[in-house]
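The structure under discussion appears below in the form of structure tokens.
Protein chains: 2
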Amino acid sequence: MAERNNMTALEAAEFLKAHDGYLILTHVRPDGDTIGCAAGLCRALRQAGKEAYVLENPEATSLFTPYLEGLLSPQGYEPDTVVAVDMAARGLFPENAKQYLEGVDLTIDHHPSQEFYAQNTCLDAGRAACGELMYDIVQLLGGITPEIGEALYVAVSTDCGCFVYSNTTPATHRVAAQLMETGFDPYPVNRRHFRTKSFKRLKIEGMLAAGMELRDNGQTALVFLTLDMLREVGAEERDIDDISAFVGQVEGVKNGITLRELRPGECKLSLRTDPGDLNASAVCALLGGGGHAAAAGATIEGTMMEARQAVLEAMETVRKG
Amino acid sequence: MAERNNMTALEAAEFLKAHDGYLILTHVRPDGDTIGCAAGLCRALRQAGKEAYVLENPEATSLFTPYLEGLLSPQGYEPDTVVAVDMAARGLFPENAKQYLEGVDLTIDHHPSQEFYAQNTCLDAGRAACGELMYDIVQLLGGITPEIGEALYVAVSTDCGCFVYSNTTPATHRVAAQLMETGFDPYPVNRRHFRTKSFKRLKIEGMLAAGMELRDNGQTALVFLTLDMLREVGAEERDIDDISAFVGQVEGVKNGITLRELRPGECKLSLRTDPGDLNASAVCALLGGGGHAAAAGATIEGTMMEARQAVLEAMETVRKG
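This is how it looks when you write it as structure tokens:
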């Protein structure tokens, strides 16, 4: 087992200066933070005169692949130094990265759940995004070009919902300010990631709104995502990413219930609650699921209407305590 | 006519320290910037030992009125010093503020179109929000409490769409960081202003999505907002605020057309374009309207389908040059 060697940003930068022949790994279901950190670090290492590549991530969507253009490792590349970014756990290695499971030289991360699987780890769990920490490290490697600035801005801004989520700190804003000063144009980036939805996504959201059920004087809202709706729109998985957040935006709603039909007779429940009002995890535990106090889920056998009944009853049971 | 005396933030702070008996004015159709600045300045003046009130703004919606609680001027209050915030022009005075049109002692603003109607003006047109400038001024008045921080955060964040719009600068992020450090909880504020929609708004958006027409390989999108739709949902004006931005979020769309039925036989066109591709102002000029290169509008006589035809033809005409 690798020793738990937690490096500071300065030590991580010294490590990166002292080695060469880099391959950078990103996690499964890649998001802006892992991709942005990989792209930013790869460019910064090259800027510092190193050989550096990012391992292709087969799950990366077209939203993020442009940031990796020109950075992917060629067939048969044999790295000397393997760096994992924003990867908390062994279970987050994509299939093609599993050969490096025991060979990661440095992990740079911000998750409190970090498993310390690597030879060296630079962890700062106080950061909203791994990109915040990466900025500190990359700054120590030399000048930050606009392309590096853009990649790290993508990392930081996407992981805090563009400075809206509760993980956003003053430090997050200060890093954003410094990244903007590297000279890239943030507006197209913001538009791309925060003001754009697919036509199919909008159609699905419209259907959810049309069929939304409000209860308890508007404090509880239910939406129903059926296989028929997905079929009618021709929606793919990317079109319904994080769809369980949709119901939570309704003014006045404390408890948002999303029921998604997985196959006829099986539903996925996602429950978002105001945890002061109702513990989502306790409700979902009654249905064989689990999660956090404010966001939990369960898989329910039965039709959508049976699942609806089951959730409402479980909520009632937890309320009565 | 008032002389064009443009004060620095320091001079404005000195002015505020030297006077007393304040009444603060906000503009018509009040937004987060004017309300947040008024609330923040009023609290800061009181903190500095001054008598200060905000003049009630009859158009302020429930989204913003909570920030003014306890700050509104009592019936018959006779101010010694009148300050207007975020108010660029004489035409932006609410009805009950018009008695002060010639009596504003100080205007604090960030609009390049500032008319210099006041005795003294502190204008910084380089700021994304008046709240950014207000932060500089209020800091010079003394300690910033969490309540002042929250009010100015509302001002700054709402005027830049929560750091998404192209007016956002590194300075905007730095002010946000400093305001967060005053100690208020930014999450409920962010949720309230950036992650909440009325149920009726969601229903209307759903209807727009369901009826959306895509043309030119998805580069042009049209949505139709009819009187019947508004009636069916029972939507009020607040539910369709800035609805013409809706169509612009569709992935791949360069030209977003919103047609709103004003009354049978009359439609309002809102056109948002990628100005490199098509000049919205030129298109709307052909229809008797006008605006900017990226956002313009016109009122069109005829049915919705006739208006649709007229817009598409005007776009074609401008394209052919």
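Protein chains in written order, with our numbering: chain A, 1 to 321; chain B, 1 to 321. Glycine included, C-beta positions come from ideal geometry on N, C-alpha and C. Keep in mind that this is a model prediction, so the values were computed, not measured.
| Query | Result |
| --- | --- |
| Cβ neighbour criterion (16 or more within 10 Å) applied to A:Ser270 | buried |
| For A:Arg308 and A:Thr258, the rounded distance between their alpha carbons | 9 Å |
| Alpha carbon of A:Met1 to alpha carbon of A:Lys17, nearest angstrom | With a pLDDT of only 40 at A:Met1, under 50, the local geometry of the prediction cannot be trusted, and the value read off the model is given with reservation. Approximately 25 Å, taken between the alpha carbons. |
| Any non-hydrogen atom of the ligand HEM closer than 7 Å to B:Cys162 Cβ | No copy of the ligand HEM appears in this structure; indeed no ligand is present at all. |
| Residues, ordered as in the chain, of the segment 247-273 of chain B that lie near chain A by beta-carbon distance below 9 Å | Gly248, Gln249, Val250, Glu251, Gly252 and Val253 |
| Chain-ordered neighbours of B:Thr196 on chain A, where CB pairs are closer than 8 Å | Gln249, Val250 and Glu251 |
| Residue of A:Ile204, A:Gly142 and A:Glu237 minimising C-alpha distance to A:Ala44 | A:Gly142 |
| Cβ of A:His173 within 8 Å of any chain B Cβ | yes |
| Sequence-distant residues of the same chain with beta carbon closer than 8 Å to A:Val189, five excluded per side | Glu150, Tyr153, Val154 and Ser157 |
| Nearest residue (CA-CA) to B:Gly252, options A:Val233, A:Lys200 and A:Ala314 | A:Lys200 |
| Selected residue, minimal CA-CA separation from A:Thr34, among A:Phe15, A:Leu55 and A:His19 | A:Leu55 |
| Partner residues on chain B for A:Glu181, Cβ-Cβ distance less than 7 Å | Pro170 |
| At least three beta-carbon pairs within less than 8 Å, the segment 85-102 of chain A to the segment 110-120 of chain A | yes |
| Distance, A:Met315 Cα to A:Leu287 Cα | 10 Å |
| 8 Å Cβ cutoff met for A:Gln198 and A:Asp239 | In the sequence as displayed, the identity of residue 198 of chain A is Ser instead of Gln. Going by C-beta atoms, A:Ser198 is nearer than 8 Å to A:Asp239. |
| Any C-beta of chain A under 8 Å from that of B:Met7 | no |
| Partner residues on chain A for B:Val164, Cβ-Cβ distance less than 7 Å | Cys162, Asn190, Phe194 and Arg195 |
| Three-state class that DSSP yields for B:Asp159 in the structure shown | helix |
| Cβ pair count under 8 Å reaching 3, the segment 200-210 of chain A against the segment 205-220 of chain B | yes |
| Neighbour list for B:Gly206 in chain A, Cβ cutoff strictly below 8 Å | Glu205, Gly206, Met207, Leu208, Ala209 and Ala210 |
| Neighbourhood of A:Glu51 by C-beta, 7 Å cutoff - its chain only, sequence neighbours within 5 removed | Asp20, Gly21 and Tyr22 |
| Beta-bridge partners of A:Thr299, as assigned by DSSP | A:Lys268 |
| Exposed unless 16 or more other CB atoms sit within 10 angstroms - verdict on B:Ser62 | exposed |
| Within 8 Å, strictly: CB atoms of A:Val247 and A:Val283 | no |
| One or two residues paired with A:Ile108 in a DSSP bridge | A:Val85 and A:Cys122 |
| Cβ-based neighbour list, B:Asn167, same chain, cut-off 6 Å, excluding 5 preceding and 5 following | Ala128 and Cys160 |
| Residue burial classification, A:Leu262 (beta-carbon count within 10 angstroms, cutoff 16) | exposed |
| The segment 179-187 of chain B in contact with the segment 62-74 of chain B per 3-pair CB rule at 8 Å | no |
| Chain B contact for A:Tyr187 (CB, 8 Å cutoff) | yes |
| Neighbour flag for A:Phe93 against chain B, beta carbons, 8 Å | no |
| Inter-residue Cα distance where the pair is A:Ala245 and A:Gly291 | 15 Å |
| B:Ala60 versus B:Val82, B:Gly49 and B:Val28, residue with shortest Cα-Cα distance | B:Val28 |
| Interface residues of chain B facing A:Phe199 [CB-CB closer than 9 Å] | Ala209, Met212, Leu214, Gly218, Ala221, Val250, Glu251, Gly252 and Val253 |
| Residue interval of the alpha helix (DSSP H) (run including A:Ala280) | Ala280 to Ala285 |
| For B:Glu236: DSSP bridge partner residues | Looking at the DSSP assignment, B:Glu236 forms no beta bridge with any residue, so it has no partner. |
| 8 Å Cβ cutoff, A:Ala129 in contact with chain B | no |
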